[in-house]
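A.B. asks: Sending over a structure as structure tokens; questions will come in a sec.
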């Protein structure tokens, strides 16, 4: 009995307190979408050698994707599931709304993200 009490006392002294999250859910969602700006530059995945940003295995998958895609079509790897688009050059984050799916439980949450297209003005010379 003394051993059990000693064990429980030791266990109670080492309890880990939950740390508060470093970001709110909305801040996390905004961070995911922050790169979808019209002035953002997209990386070039076709680079080889020392300047390559992908591994040889990923480069092979990209090449296979290009070879299996018919002219004029979008390959599977050219699609961005986050913005549900291929080219995000004219998108900007409009709003983020976080909603609880059930009133009883604080989880799960659902994020409604709204993106809008920015029309570029033609340059005048």
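Numbering (mature numbering (1 follows the signal peptide of the UniProt record, and there is no 0)), first residue to last: -18 to -1, 1 to 107. Think of the CB as a built atom: it goes at the ideal place given N, C-alpha and C, for glycine as much as any other residue. Keep in mind it's a predicted model, so treat the numbers as computed, not measured.
1. By how many angstroms is the C-alpha of residue 53 removed from the C-alpha of residue 14?
2. Ignoring anything shorter than 4 residues or poking outside the segment 31 to 80, list the alpha helix (DSSP H) runs there in chain order.
3. Would you grab the beta carbon distance between residue 73 and residue 36 for me? Rounded to a whole angstrom, and I think it's under 8 Å.
4. Would you mind reading off the limits of the alpha helix (DSSP H) that contains residue 10?
5. Measure the alpha-carbon distance for residue 30 versus residue 59 and round it to whole angstroms.
C.D. replies: To lay it out plainly:
1. 31 Å
2. 38 to 50
3. Wrong, their Cβ atoms sit about 24 Å apart, outside the cutoff.
4. 7 to 15
5. 18 Å
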